[in-house]
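Notes follow once the structure below has been shown.
Residue numbers (the numbering used here): 26 to 139.
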């Protein structure tokens, strides 16, 4: 049995509607449910074939959980690794590496240390 999980926060309409719709389709060998996290062991797979992420941008623990899940074979929708790359300097550096023309950018340290 392949499980599709949805990980979410306080929203209460889409997650339940998604689960209901997937399960109504009655596809043999596929079921959907809310993600249930009891523990996270490093490099150990989850029970989910797919996880749809709707909250990890706000909860660092969930990002770690999803990165571990992706590493061990779970397909994660809404890439948990992208959150690490959501600042302009990194995005410009990535664009340069991919051959996308961007303005030359420098990152300078603060004059005074924090």
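Ideal Cβ positions, reconstructed from N, Cα and C, are used throughout, including at glycine.
Residue i and residue j closer than 8 Å at C-beta
i	j	result
residue 105	residue 79	no
residue 99	residue 74	yes
residue 27	residue 55	yes
Selected residue, minimal CA-CA separation from residue i, among the options
i	options	result
residue 97	82, 113, 76 and 114	76
residue 91	114, 41, 116 and 65	65
residue 128	51, 61, 41 and 116	116
residue 101	81, 118 and 85	81
residue 107	126, 85 and 137	85
Supposed close pair residue i, residue j - CB separation, criterion 8 Å
i	j	result
residue 67	residue 93	7 Å
residue 34	residue 83	7 Å
residue 60	residue 31	6 Å
Beta-carbon contacts of residue i that lie in its chain and below 8 Å, excluding the five residues immediately before and after
i	result
residue 114	130 and 132
Cutoff 6 Å; reference residue i; Cβ partners in own chain excluding five residues on either side
i	result
residue 57	29, 44, 47 and 48
residue 120	127
Neighbourhood of residue i by C-beta distance below 7 Å, restricted to the same chain and skipping five residues each side
i	result
residue 69	97
residue 142	Summary: the structure shown does not reach residue 142, with the chain confined to residues 26 through 139, and so no result is reported for it.
Could I get the ranges of all uninterrupted alpha helix (DSSP H) runs contained in the segment 57-129, with 4 residues as the minimum, in chain order?
Taking only runs of at least 4 residues, the alpha helix (DSSP H) segments lying wholly in the segment 57-129 are 85-96 and 113-122.
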